[in-house]
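Below: one structure, written as structure tokens.
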Amino acid sequence: MPERIEVGCMVFVVDGELGVGAVREVRSASAELVVNIENAGDFVIPLDAVRDVHSGKVVLDVERLPAPVREALGHAHDAEDPDYAEPGSDEDREAL
Numbered sequence: 003m004p005e006r007i008e009v010g011c012m013v014f015v016v017d018g019e020l021g022v023g024a025v026r027e028v029r030s031a032s033a034e035l036v037v038n039i040e041n042a043g044d045f046v047i048p049l050d051a052v053r054d055v056h057s058g059k060v061v062l063d064v065e066r067l068p069a070p071v072r073e074a075l076g077h078a079h080d081a082e083d084p085d086y087a088e089p090g091s092d093e094d095r096e097a098l
């Protein structure tokens, strides 16, 4: 049985890569999701643009997404500091 999409599921473009957002609403009647894309806000995504659902993850099929969503996905991580080392990471320990 396929896994259900639920509010709070992380959203990915490629499974195993960084997440790009989270599901905020599931609209079963209209076969849509509302997804908050990091650095861009909420977007309505058709369910037929979902490639896979598993382990609390929603993986999108980029080719089936509307152009504004694809554009937003290209900038999902722009606000992140590329030099940030997560506390406790190998990079953080090397800096000590």
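Terminal number for the sequence shown in the working numbering: 98, no gaps in between. Cβ coordinates follow ideal geometry from the N, Cα and C atoms, glycine included. None of these values were measured; they are calculated from a predicted model.
The shortest C-alpha to C-alpha distance from residue 17 to any of 45, 8 and 63 is the one to 63. Between the region 66 to 78 and the region 27 to 35 there are fewer than three inter-stretch CB-CB distances shorter than 8 Å, so the stretches are not counted as touching. Annotation for residue 48: no alpha helix (DSSP H) segment contains it, though the beta strand (DSSP E) segment containing it runs 43 to 48.
Boundaries of the beta strand (DSSP E) harbouring residue 24: 23 to 29, taken from the DSSP string. When secondary structure is reduced to three states using DSSP, residue 6 falls in the coil class, being assigned neither helix nor strand. Per DSSP, residue 77 has no beta-bridge partner at all.
The Cβ neighbour count for residue 19, taken over all protein chains shown within 10 Å, is under 16; the residue is labelled exposed. Cβ contact annotation for residue 13 (same chain, cutoff 7 Å, sequence separation greater than five): 21, 22, 23, 24, 25, 37, 60 and 62, in chain order. The alpha-carbon of residue 10 is positioned some 12 Å away from that of residue 57.
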